[in-house]
């Protein structure tokens with residue numbers, strides 16, 4: 527798991543030998559958020575194989591398969607998506623969860639790969655826009 531929440535963690539992540547597509551996604555988004563004045567109000571979390579639910583909850587305070595308001599988990603008929611945006615980027619999913627009115631957002635980049643929680647990937651594939659979806 528990569529957690530980018532300030533300039534130091536961002537530089538450290540980009541210095542790692544990471545996947546080419548991931549580097550491109552991160553670079554594009556970092557430039558975009560900086561230009562919009564949101565760099566300090568954005569926490570990017572990269573979810574990859576073997577990242578556990580508890581690790582992710584510890585890092586950002588929630589796990590995407592449970593609604594952050596009522597706790598209902600995906601797969602239940604009562605589940606309602608709580609995020610603001612979920613897009614299929616091809617090999618990766620991008621989930622944006624805004625918090626409050628300050629402009630702060632969590633940006634989750636979720637790798638579509640073996641070793642990533644299958645429930646999380648099922649949720650992403652069912653709800654994401656993009657690649658072959660409206």
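In this note's numbering, the protein residues as written are 527 to 660. The beta carbon of each residue, even a glycine, is placed where N, CA and C say it ideally should be. Keep in mind the model is a prediction, meaning the values are calculated, not measured.
Per DSSP, cross-strand counterpart(s) of residue i
| i | result |
| --- | --- |
| residue 599 | 592 |
| residue 635 | 572, 620 |
Endpoints, alpha helix (DSSP H) assigned at residue i
| i | result |
| --- | --- |
| residue 551 | 546 to 561 |
Distance between beta carbons of residue j and residue i, contact taken as under 8 Å
| i | j | result |
| --- | --- | --- |
| residue 664 | residue 636 | Outside the shown range of the chain, which is 527 to 660, sits residue 664, and nothing can be said about it. |
| residue 608 | residue 650 | About 14 Å; that fails the 8 Å criterion. |
| residue 575 | residue 627 | Actually they are not in contact, since the Cβ atoms of residue 575 and residue 627 sit about 35 Å apart, beyond 8 Å. |
| residue 591 | residue 610 | Actually they do not touch by this definition, with Cβ atoms about 17 Å apart. |
| residue 527 | residue 581 | 6 Å |
Cβ-based neighbour list, residue i, same chain, cut-off 7 Å, excluding 5 preceding and 5 following
| i | result |
| --- | --- |
| residue 604 | 598 |
| residue 586 | 569, 571, 632 |
| residue 551 | 615, 618, 635 |
Cβ-based neighbour list, residue i, same chain, cut-off 6 Å, excluding 5 preceding and 5 following
| i | result |
| --- | --- |
| residue 615 | none |
request  = Check whether the segment 557 to 566 touches the segment 591 to 598, taking contact to mean three or more Cβ pairs, one atom from each stretch, closer than 8 Å.
outcome  = With the rule of 3 Cβ pairs closer than 8 Å, the segment 557 to 566 does not count as touching the segment 591 to 598.
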